[in-house]
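Comments concern the structure below.
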Amino acid sequence: MKESSVRPITSQNFASPCLEEASQCVGPSKRCEPNLKIKEPYFLSLDLSIEKLGLIIIDDDLNVILTEEVNFDEDLPEYGNKTTASFIRLMRLLTYFKKSKTFVKLNAIRLILITQRGCLINEESSCSPTHMCVKALDILLARISSKVDLEAIRCIGGAAHQNSSVWWSKAAPTLLSRLTPHRSLSEQLLPDQTWTMPNPPNYYDLTTINEAQSLEWLIGGPEELVKRVGCRASCRLTSVQIMKVRQNQRNILEATERISTASAFLATLFIGRLSPPCEGDASGMGLWNVQDRKWDLSLLSLIMCSDFAKAESLNEGLNLMEKLGKPRAESFEPLGSIANYFVRRYGFSADCQVAGFLGHHLAKFMSYPLGPRDAMICWGDSDADSVILPTSLYLPDLTRQILPNPAEFSVGGKEAARVAVLEYKDANLARSFIRESYCNSSWRTFDALVTLIAEGGRVGLDDKLYTFFTPHGELGGLSGISRFEHGQRTEEFRDRRANPRSLLESQLLRMRCHLSRAYQRSNEEIGLSACNEAIIDHPGFDPYHHSALPSRIIITGRNFENRILVELLSSIIGAPVYQSASHFPSNYPASHKDLPLEVTPSMLGAGYKAAWNYNRHLGSTASYSNFLNSKFLLLARLLQDSSVDSQIVTAPKIDASNKMVERPRFSHNFSQVASKIIGNGIIKSSPALNYDANSPPTTSNDSSIHVKANTTYPNDAGSVLIKVAEPDEDLFQRYGAQAVEFLRLESFVTRGII
C-alpha cells in the first residue's frame, strides 16, 4: 500500500459546520485547502436511512479512513421531523391494551416520549421529506470537502432504506441537467418543482393495509403474488403505495415522470440524470417478475385498473412501466461518470465513476462474502431483525423475499444467483417494549431476567411460554401481544419475570423454523435425502437435525454486541456465531482507528461494491468474493500479528448492555405521575421484580471475549471472522422439541383465529 498522509477524523478535529458555514469553503472559484492529502485510490460510500444520511471513505485496502453523518432530527430540525418512528405501531398496540393493561400503556408512552427518528407522522401515515435528504447531502459534501481531496475519489457507491419511493416530476430531468455549481443542490431542486410527492411514504407507513390485502386477493392470493414477484404485499411495498395513489390522488401519478427507489434517487443526484432502476430495486418494489426478469405487466395493469377485463387495462400498465423506467441488468460496470456539477463545485475528478446503488438488504449482503451454508443476521436495524441467505434456487415462500444477487448474476443465459431475506418487522421494538414494561427501562435488568429464567420458562415439555408481538396486525393477523402458557392464551404470565426470555426465545424459535423450512426445501430441490421422513411430515423439516439449518452465522446490526442474545441465538439455531472484523474499524491499522461515528454494514457493502466495480472497470476479472478475500488478507494478518497467542484472537467488546444505550432519566413531573399511578394500585411496575436498573447483570461481562480459532473452518483467520459464541447441543435439542407446538400457536396468531 502506498504511503498516505491521511489522518482519521477524531473528536478533537471533527467539525460539524452547518450548510451555510460550510458552503463558504466550496464553489467553482473557491475551495478550502483540504486537511487530508490522499495519494492512492479511495472510494466514497453513502448510507441513507430513515433517521440519517451517513458517509464513509475507504482506501484501496478497504480500510475505513473517514466517517461523517447528518442526523435529520439534530441537524435539520426545520423539516419538523421530531417524532418517533415507532409511534404508529405503539399507538395501535395501546388500543389493544385499552381496558386491562394500563402498565403497558404507561411504559409505551414513556418509549414514545424518548425516541426520535426522521419521520413526519400523522396517525397511521409516516413519510420522509425528499428535500431533507438533498440538503443532508449538501451538508455532508461541504463538510468533507475541507478535509479530503475529493479528486482522489475514484468511485462512489451507496445504499438506502428499503421500500421508500421518490416521485420525480416531469421538470426534474431539466432541473438536473441545468445545475449550477454556484448554488447548493437544495437551493436548485425545490420540493414543489422537482417532486410530485415531496413527502413520500416510508418504511413505517401503515395507511395501505386495505390496498395490500386487495392486491393479494385480486392477483389470486398471496401464494400467487409470491410466485410472481418473490414477496407478499405489505403496507410499505412500492406497488401497494402506487395502488393507493392511483385510487386517491391520480393527478399525482399522471404528473410523475419517474418513480424511483431511495437508492436510485441517490444515484440520480450523482450522475445528474434519472438513474435507471437495477434489478434489485425493481424486485424490492414488488413489481418485478423474478423468474422472467422483467416488469410483471399483468400486475402493473391490475394496480392501475383493478380489472383485467377493461380495455384500457393494458395501456395503463404500459404507462406505469414507462414511469418505472427500463431496469438495468446487474453488471460489473458502474452507472457512469459523476455529474459535472460535483466536479466544479467540490473538486471531484471528472473520471470519478458512480456505481449502482443498493437497497439496505443487498448492501448488507455485500459486506461479507457469504458461503452457501452461511447466514447473516442483522439485529435491530429500523426496529427489525433480518436474516440474509445466498441461494442459487428460486424458492418463493410467504415468509421470505427473493432478490437478485448483485455480485453473481446471469452471464450467457445461465441461471442468476439470488438472495433470500427473512425480515421480522418490529422485533427490536418488541424487545424495547418489554424492557420498558418489565425491566425498569434497563437492558441490564432485561439481560439479568433472561439468565434467571430457565429455557422455555419451565422444565416440563408441556409447560412452555411463548410470546408473539404483532403491534400492527398487518394482513389479517392479531394485533398486540399474544402470550401462551400451558398451550393456552393468557393475558399475563404467572411469573411476570419470564417476559424477556419468553420474547427472545419466541423470536429466535420463529427464525429457526423459517430457516429450517428454507434449507429443507433447498435440500429437496438438489436431491439430498431427508433425515427422518416421519418427523418431517408435520413441520416440514426435521427439528432435531442440523442439516436444515445454517452451518455458520455472521451477526451484525445495532444489537449484535449483546452477549446474552448472541449465546441464545447460537444454541437455538445450533450454529457457531461469528463477527467479521471488517465491520469494526477498531480492528484496522493504527492510522485508521478511532473513527467517531457509526460504520454500518450497508455503508461497507456499498463501498466494497464501488471498489470492485472500479477494479472491473480497469480490466480486473476477479469475482466479488475473490476480490474481498484478497483485500481481507491484510486485515487477517494484522489480527494474527496483534494476538497474544497465534491461535487466540480478540473479539470486539461484547457485553450485556454497553452498546444498547440506556434510556435517559425521565423528568420529575413524569416520575410524579408514574408514582401516583403505581401508588393507587393500578399497576405493578418492574421494581417489584427486585432488580435495580443500574445494578450489573448476574452474568460475567468482561471487556472482551478471547476465543480459540474455529477448528471446523481453518480459514476463518483468512476471512477475518472472529467466533463469539458456540452452540449448546443439549439446548438445541430441547428447543427442537418445541418446534411443532410453537408453529401451531404461531399459525393461530398470524391467521387471527384465537
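The numbering of the sequence shown is the working numbering, which starts it at 43 and goes up by one. The beta-carbon is built from N, C-alpha and C at its ideal position, and this holds for glycine as well.
ARG552 versus ILE92, ALA309, LEU316, PHE784, residue with shortest Cα-Cα distance: That would be PHE784, whose Cα lies nearest to the Cα of ARG552.
Rounded distance between the beta-carbons of TRP210 and ILE300, thought under 8 Å: For the record, residue 300 in the displayed sequence is Arg; it is not Ile. Right, their Cβ atoms sit about 4 Å apart.
Through-space distance from GLY529 to ARG539, alpha-carbon basis: 19 Å
Residues near ALA304 by beta carbon distance below 7 Å, same chain, minus five either side: LEU90, ALA202, HIS203, SER206, VAL208
Option in PRO411, TYR436, ASP584, THR433 with minimal Cα separation from SER622: PRO411
Secondary structure of ALA324, DSSP reduced to three states: helix
C-alpha gap between ARG559 and PRO581, whole angstroms: 8 Å
Rounded separation between ALA417 and THR298 - CA only: 39 Å
For ARG477, three-class secondary structure by DSSP: In this structure, ARG477 counts as helix in the three-state DSSP scheme.
Beta-carbon spacing of LEU257, PRO319 below 9 Å: No, the Cβ-Cβ distance between LEU257 and PRO319 is not below 9 Å.
Identity of the residues DSSP links to PHE510 by a beta bridge: DSSP output for PHE510 lists SER524 as bridge partner(s).
Coil, strand or helix - ILE80 by DSSP: In this prediction, ILE80 has a pLDDT of 43, which is less than 50 and means its spatial position is unreliable; nothing more can be read from the coordinates.
Residue burial classification, GLU45 (beta-carbon count within 10 angstroms, cutoff 16): Its pLDDT being 38, under 50, GLU45 is placed unreliably in this model, and the value from its coordinates should be taken loosely. Classification for GLU45: exposed.
Residues that DSSP places opposite CYS197 in a beta bridge: PHE85, GLN395
Beta bridge counterpart(s) of PRO432 as assigned by DSSP: VAL461
Nearest-angstrom Cα separation, counted from GLY401 out to VAL619: The straight-line gap from Cα to Cα measures roughly 25 Å.
Local conformation of GLU495 per DSSP, three classes: The identity of residue 495 in the sequence shown is Ile, whereas the question assumes Glu. Three-state DSSP puts ILE495 in coil, outside helix and strand.
Cβ shell of TRP654 (< 7 Å), same chain only, five flanking positions each side left out: TYR666, PHE669
Close beta carbons around LEU491, own chain, < 6 Å, minus the five adjacent residues each side: Hits under 6 Å: ARG539, PRO542.
Endpoints, the beta strand (DSSP E) within which PRO446 is located: 443-446
Strand pairing of THR642, partner residues [DSSP]: For THR642, DSSP records no beta bridge to any residue.
Segment contact, 8 Å Cβ cut-off, at least three pairs: the region 307-325 with the region 365-384: Verdict: yes, contact present.
CA-to-CA distance, ARG786 to ILE614, given in whole angstroms: Roughly 18 Å between the two C-alpha positions.
C-beta atoms of ALA617 and PRO446 nearer than 9 Å: Contact flag unset, no.
Buried or exposed (CB count within 10 angstroms, at least 16 for buried), VAL782: With fewer than 16 other Cβ atoms inside 10 Å of its own Cβ, VAL782 counts as exposed.
Neighbourhood of ALA767 by C-beta, 6 Å cutoff - its chain only, sequence neighbours within 5 removed: When the five nearest sequence neighbours on each side are left out, the beta carbons in the same chain lying within less than 6 Å of the beta carbon of ALA767 are those of VAL608, GLU609, SER612, VAL619, in order along the chain.
Sequence-distant residues of its chain with Cβ nearer than 7 Å to ILE495 (five each side left out): ARG539, ALA540, ARG543.
Sequence-distant residues of the same chain with beta carbon closer than 6 Å to GLY778, five excluded per side: Within the same chain, GLY778 has close Cβ partners PRO585, TYR586.
TYR245 - DSSP class collapsed to helix/strand/coil: coil
Simplified DSSP assignment, three categories, for ARG370: strand
Cβ-Cβ distance between LEU104 and GLY647 below 9 Å: no
Start-to-end residues for the alpha helix (DSSP H) that takes in TRP809: Since the first residue of the chain shown is 43 and the last is 796, residue 809 is not available in this structure.
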